[in-house]
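2 protein chains.
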Amino acid sequence: MSDMVENKQIILKEYICQGYAKESDMVTQVSKMSLKVPHGSHGIVVKNLYLSCDPFMRSRMTNSESNFVEAFTPGQPITGYGVAKVLDSGTPNLKKDDLVWGMTGWEEYSLITDTDGLFKIEHTDVPLSYYTGLLGMHGMTAYAGFYEVAAPKKGDYVFVSAAAGAVGQLVGQFAKLLGCYVVGSAGSKEKVDLLKDKFGFDEAFNYKEEEDLAAALKRYFPDGIDVYFENVGGKMLDAVLVNLRLHGRVAVCGMISQYNLEKPEGIHNLMHAFKKRARLEGFIVFDYYHLYPKFLELVLPYIKEGKINYLEDTVEGLESAPAALIGLFSGRNVGKQVVVVARE
Amino acid sequence: MSDMVENKQIILKEYICQGYAKESDMVTQVSKMSLKVPHGSHGIVVKNLYLSCDPFMRSRMTNSESNFVEAFTPGQPITGYGVAKVLDSGTPNLKKDDLVWGMTGWEEYSLITDTDGLFKIEHTDVPLSYYTGLLGMHGMTAYAGFYEVAAPKKGDYVFVSAAAGAVGQLVGQFAKLLGCYVVGSAGSKEKVDLLKDKFGFDEAFNYKEEEDLAAALKRYFPDGIDVYFENVGGKMLDAVLVNLRLHGRVAVCGMISQYNLEKPEGIHNLMHAFKKRARLEGFIVFDYYHLYPKFLELVLPYIKEGKINYLEDTVEGLESAPAALIGLFSGRNVGKQVVVVARE
Chain B
48 MSDMVENKQI
58 ILKEYICQGY
68 AKESDMVTQV
78 SKMSLKVPHG
88 SHGIVVKNLY
98 LSCDPFMRSR
108 MTNSESNFVE
118 AFTPGQPITG
128 YGVAKVLDSG
138 TPNLKKDDLV
148 WGMTGWEEYS
158 LITDTDGLFK
168 IEHTDVPLSY
178 YTGLLGMHGM
188 TAYAGFYEVA
198 APKKGDYVFV
208 SAAAGAVGQL
218 VGQFAKLLGC
228 YVVGSAGSKE
238 KVDLLKDKFG
248 FDEAFNYKEE
258 EDLAAALKRY
268 FPDGIDVYFE
278 NVGGKMLDAV
288 LVNLRLHGRV
298 AVCGMISQYN
308 LEKPEGIHNL
318 MHAFKKRARL
328 EGFIVFDYYH
338 LYPKFLELVL
348 PYIKEGKINY
358 LEDTVEGLES
368 APAALIGLFS
378 GRNVGKQVVV
388 VARE
Chain F
48 MSDMVENKQI
58 ILKEYICQGY
68 AKESDMVTQV
78 SKMSLKVPHG
88 SHGIVVKNLY
98 LSCDPFMRSR
108 MTNSESNFVE
118 AFTPGQPITG
128 YGVAKVLDSG
138 TPNLKKDDLV
148 WGMTGWEEYS
158 LITDTDGLFK
168 IEHTDVPLSY
178 YTGLLGMHGM
188 TAYAGFYEVA
198 APKKGDYVFV
208 SAAAGAVGQL
218 VGQFAKLLGC
228 YVVGSAGSKE
238 KVDLLKDKFG
248 FDEAFNYKEE
258 EDLAAALKRY
268 FPDGIDVYFE
278 NVGGKMLDAV
288 LVNLRLHGRV
298 AVCGMISQYN
308 LEKPEGIHNL
318 MHAFKKRARL
328 EGFIVFDYYH
338 LYPKFLELVL
348 PYIKEGKINY
358 LEDTVEGLES
368 APAALIGLFS
378 GRNVGKQVVV
388 VARE
């Protein structure tokens with residue numbers, strides 16, 4: 048059969064029970080697949096172009112009922128956000144050569160049977176890889192968490208942790224565009240410089256160089272924090288809680304510092320926060336995708352006018368994906384971690 | 048001068064740095080005072096009738112900048128919520144024999160210079176002592192926390208801790224009147240029986256008899272908790288966090304289990320809750336007093352129709368006040384703890 052091709056895939060070997068994920072938890076294999084949609088299927092066959100490495104993928108490597116997204120299937124390719132080109136389609140909404148972003152496989156070609164969660168890419172006058180992040184799930188996460196959950200006002204004092212990450216860098220820029228004072232934390236001098244020089248944060252600091260995080264925050268926010276965009280959890284959250292202003296808001300996007308721990312660290316300062324009538328709220332981007340057109344309307348002009356900067360950390364080739372994913376947890380990436388599988 | 052009287056007072060001896068408050072931290076003394084408002088003052092002189100003992104008073108015994116209400120002044124009478132009769136007035140809004148509720152002193156007579164925070168009692172066809180609780184700060188706290196913060200819907204699964212307390216017993220009844228399923232926790236069999244038999248909770252349990260609070264909650268809420276009205280903090284909060292339903296809401300009223308601790312217990316399960324897109328929000332009744340007329344409109348008919356039950360634990364005489372206050376922290380009281388200073 049002429050439409051059968053070799054398909055390189057990144058497979059999760061087995062569930063990780065505890066501790067840090069390692070490259071060796073994944074393996075590259077080559078299988079065969081057809082580039083035609085099976086007869087009668089409403090799915091699509093795509094060629095994967097760009098894949099996104101994301102912290103939340105760690106929790107999918109463990110089979111826990113507390114996951115907010117389904118666990119991976121051991122022996123099967125890892126799945127994640129990506130940009131892909133339609134090769135064959137069994138659904139009327141998509142046709143050959145359409146570009147889509149959404150959940151796909153960590154492999155060269157994927158058969159996607161559930162196409163409801165995919166977004167068709169309509170604007171191609173921006174880099175396609177942006178749809179793995181800025182114009183995809185991460186941009187929407189920043190938008191929903193900042194505008195919808197944190198309910199910011201002009202002049203608010205805003206703190207963003209993991210600020211050089213895919214979501215954090217956008218939250219900071221949204222906050223600046225709204226007229227807020229914004230401080231970000233990150234884990235290297237390089238990232239701190241980026242936050243100030245490239246992303247326009249008012250201040251930024253390296254949390255690894257601070258012995259007392261609460262004191263560091265007090266230094267940058269002598270009058271306290273109105274909005275905390277939470278990406279890390281643990282000690283940083285505790286330090287923020289004692290620095291919240293009256294009616295402070297914590298939009299909890301993630302807690303990357305906790306994902307590899309068997310038992311999460313204890314948080315001791317909730318009472319401080321609640322005495323300030325603070326609100327802490329977890330959110331997930333899935334609940335806000337109906338706002339995607341509104342989001343694009345806001346963000347596309349900003350990108351084209353250079354008012355939003357965006358930094359990608361790309362690695363070439365599917366084989367590089369496991370190391371890129373693992374690197375997230377030691378903060379090796381600078382900017383959004385993208386795997387280039389193919390450019391077209 | 049004939050208008051000078053002896054005035055018995057409960058004095059805080061000095062700030063408590065750590066640990067449990069004790070009766071001996073307070074002392075009864077007798078001073079002299081005039082029953083006339085000083086010339087030119089806009090204050091009032093009142094005779095105190097009923098005083099309220101409240102958990103939050105513990106934090107006012109420590110001079111900490113993290114307090115949400117001002118600390119007491121050592122050497123001066125303790126202050127708290129009470130019902131009082133106006134003996135002399137320098138303000139046009141209040142006249143002799145008017146009844147008020149609000150902040151007053153733990154003494155027989157008080158000169159209240161700041162009358163803005165007082166509420167004039169307009170409805171006297173209910174027991175006057177109710178204005179120390181059900182119709183005062185506690186009722187408003189239950190009302191604001193439940194209706195405004197927790198945003199409940201008919202059919203919600205509602206859990207209330209310290210449910211036999213002044214606020215908790217009302218929250219449970221509000222929830223039942225709205226058509227929710229309500230479970231309460233308390234610290235004795237007597238209180239548990241009260242919750243079920245007098246206050247109409249669907250279920251209630253003694254938290255002291257549960258080795259695994261999370262398992263206990265799972266038993267009463269097999270499908271999870273929509274609304275948690277938080278009065279205690281610590282282990283109970285952690286147990287609730289793993290049992291929250293999607294978009295669960297925690298209205299944080301207080302954390303009585305933590306007030307006497309030097310360092311609050313660590314909370315480990317926040318991530319569970321945020322994965323469920325839960326919202327945790329601290330609130331304070333002060334922010335909601337503008338709703339007091341609306342609250343009375345709802346609650347007074349319920350009281351008169353017997354649809355809201357209310358239980359007071361009264362002690363007689365100002366001298367009994369310190370023991371009554373300390374008793375709160377060991378859960379000695381059954382229902383709202385009231386001190387009867389005088390009945391008219």
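Chains as they are written, first to last, in the working numbering: chain B, 48 to 391; chain F, 48 to 391.
Glycine included, each C-beta is placed from N, C-alpha and C at the ideal position.
Every value quoted in this text rests on a predicted model; they were computed, and no experiment measured them.
Following the DSSP letters along the chain, one finds K265 (chain F) in no beta strand (DSSP E) but inside the alpha helix (DSSP H) bounded by residues L260 to Y267. Taking each of F:L224, F:V385, F:F376 and F:R390 in turn and checking the Cα distance to E70 (chain F), the smallest one comes out for F:F376.
Just so you know, the alpha carbons of Q123 (chain B) and E154 (chain B) end up roughly 10 angstroms apart. Put simply, the CB of A325 (chain F) is near chain B, with a gap under 8 angstroms to one of its CB atoms.
By the neighbour-count criterion, in which a residue is buried when 16 or more other Cβ atoms sit within 10 angstroms of its Cβ, Q56 (chain F) is buried. The beta-carbon of G234 (chain B) is placed no less than 8 angstroms from the nearest beta-carbon of chain F. K143 (chain F) and V133 (chain F) do touch by the CB rule: their CB atoms are close to 6 angstroms apart, below 8 angstroms. Unbroken beta strand (DSSP E) stretches of 3 residues or longer found wholly inside the segment 270-320 of chain F: 272-277 and 291-299, given in chain order. Scanning the segment 144-171 of chain F for uninterrupted beta strand (DSSP E) segments of 3 residues or longer gives 146-152 and 156-159, listed from N- to C-terminal end. Membership of A191 (chain F) in any beta strand (DSSP E) is not indicated, and neither H nor E is assigned to it by DSSP. Within the DSSP bridge table, the entry for Q56 (chain F) names F:Q76 and F:E154 as partners. Under the 10 Å beta carbon count, Q65 (chain B) is surrounded by fewer than 16 other beta carbons and is classified as exposed. In terms of beta-carbon proximity, V299 (chain B) lines the interface with chain F, with at least one pair separated by less than 8 angstroms. Nearest neighbour of N110 (chain B) by Cα position, chosen from B:Q76, B:H89 and B:K60, turns out to be B:K60.
Taking 8 angstroms as the cut-off, the Cβ atoms of L291 (chain F) and G271 (chain F) count as close.
Nearest Cα to I350 (chain F) within the set F:G186, F:A191, F:G329 and F:G234: F:G186. For F321 (chain F), the chain B residues whose C-beta falls within less than 7 angstroms of its own C-beta are V299 and G329, listed in chain order. Within its own chain, the residues whose Cβ lies closer than 7 angstroms to the Cβ of S78 (chain F), once the five positions on either side in sequence are excluded, are N54 and Q56, listed in chain order. L365 (chain B) counts as buried, since no fewer than 16 other beta carbons sit within 10 angstroms of its beta carbon.
For Q305 (chain B), the nearest beta carbon of chain F is closer than 8 angstroms to its own beta carbon.
For M187 (chain F), there are no neighbours in chain B by C-beta distance under 8 angstroms, as the nearest C-beta there is about 15 angstroms away. Judged by beta-carbon spacing, M184 (chain F) lies beyond the 8 angstroms limit of M302 (chain B), meaning their Cβ atoms are not closer than that value. Apart from the 5 residues on each side of it in sequence, K383 (chain F) sits with its Cβ closer than 6 angstroms to the Cβ of G180, A213 and E359 in its chain, given in chain order. Contact with chain F is found for K310 (chain B), since one of that chain's Cβ atoms lies less than 8 angstroms from the residue's Cβ.
Using a 10 angstroms sphere on the CB of R390 (chain B), the tally of other CB atoms stays under 16, which defines it as exposed. Contact check for I58 (chain B) against Q76 (chain B) passes: the beta carbons are separated by less than 8 angstroms. Here M108 (chain F) carries a helix assignment [DSSP, helix/strand/coil].
Along the segment 257-290 of chain F, the positions whose C-beta sits under 7 angstroms from a C-beta of chain B are G280, read in chain order.
Excluding the 5 residues flanking it on each side, T151 (chain B) has same chain C-beta neighbours closer than 8 angstroms at V93, N95, L98, T126, G127, Y128, G129, A131, S157 and I159, in chain order. The Cβ-Cβ distance between V116 (chain F) and M80 (chain F) does not fall below 8 angstroms. Using a CB distance cut-off of 8 angstroms, G364 (chain F) does not count as an interface residue toward chain B. For Q220 (chain F), DSSP assigns no beta-bridge partner whatsoever.
Taken in chain order, the complete beta strand (DSSP E) segments of 3 residues or longer contained in the segment 324-385 of chain F are 326-329 and 359-363.
Within the segment 62-92 of chain B, contact with chain F at the beta-carbon level (separation under 9 angstroms) is assigned to no residue. The C-alpha of A325 (chain F) lies about 29 angstroms from the C-alpha of D101 (chain F).
With contact defined as three or more Cβ pairs closer than 8 angstroms, the segment 204-222 of chain F and the segment 167-175 of chain F are not in contact.
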